[in-house]
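Written out below as structure tokens is the structure these notes cover.
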Amino acid sequence: MIFGLEDKVRFGLLLTFALAFTGVAVGASVAEASENRTYKCRTGTVDAYVETIPEEGRAQYTGPDDIASLQAMPNGAFVSGNSGISFQTTGQGGTLWLGDVSFPCQVTTARAPVAPPPPTVLGGPEQLNHVGQSLGGRLRAGPGTSYPQIGSLEEGTYLTILSNTGVSFDGYDWFEVVLDNGQRGFQWGGILCSNGGQLVGLYASCQNIPR
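Per my numbering, the very first residue in the sequence shown carries number 561; after that it's consecutive.
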């Protein structure tokens, strides 16, 4: 079949329209995939929330007593190396992993609850600058469980106990500490020991702990 000039022009216009239509469809699909979504996860008797934030390459986990940032991985997965929290999207739902335990999640229009305000520190911190050790546990951004976790310490990690914040919880105080690598944070005195004599507000003297 031989095409005339008019036929070629008409075919070109149709081809241009088809490509433009395809481009719009693909663009809409990409835009939809890059939208933020909030998932509600039932973890026992309370709810946790995961908000995926594709433009930042991460997701935000908000639990009953913890907040964590999860890094985006391939295939719709988000993980946190320090806290043992991970999330996997599955169509309109997802699966939340807290350690080895999984919980089902569904997309929700509800917003994640705002973390409660941190406790008020009365009287100011007591300066110590005392060498001690962590008995293992979470390092937080402030003196309380309402502050986000910024690290996880192994048992026997040496640190300097900078000050007693004056914030008490379950019989022990929260202390500001600094690690040998310069990282600063706060740890609960129930999982701290001091070299030499025992400091008021923490678990024990390190020398009195059975090894």
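Where a beta carbon is used, it is the ideal one built from N, C-alpha and C, also for glycine. Everything numeric in this text was worked out from a predicted model, so none of it was measured.
**Request:** Would you grab the beta carbon distance between Leu699 and Gln652 for me? Rounded to a whole angstrom, and I think it's under 8 Å.
**Result:** About 36 Å separates the two Cβ atoms, so there is no contact after all.
**Request:** Give every residue of the same chain whose Cβ lies closer than 7 Å to the Cβ of Val738, excluding the five residues on either side of it in the sequence, and list them in chain order.
**Result:** Leu719, Thr720, Leu722 and Arg744
**Request:** Please say whether Gly644 and Leu656 have beta carbons closer to each other than 8 Å?
**Result:** no
**Item:** Span of the beta strand (DSSP E), counted from its first residue to its last, around Pro614
**Value:** No beta strand (DSSP E) contains Pro614, which DSSP labels as neither H nor E.
**Message:** What would DSSP say about Gly716, mapped onto helix, strand or coil?
**Reply:** coil
**Request:** Return the first residue and the last residue of the beta strand (DSSP E) that Cys601 is part of.
**Result:** Arg597 to Thr603
**Message:** Need the endpoints of the beta strand (DSSP E) that Pro664 sits in, please.
**Reply:** Val661 to Thr668
**Request:** Counting only the same chain and skipping the five closest in sequence on each side, list residues whose C-beta sits under 8 Å from that of Ile751.
**Result:** Ser694, Leu695, Gly696, Gly697 and Tyr763
**Request:** For Gly641, count neighbouring Cβ atoms within 10 angstroms of its own Cβ and tell me buried if that reaches 16, exposed if not.
**Result:** exposed
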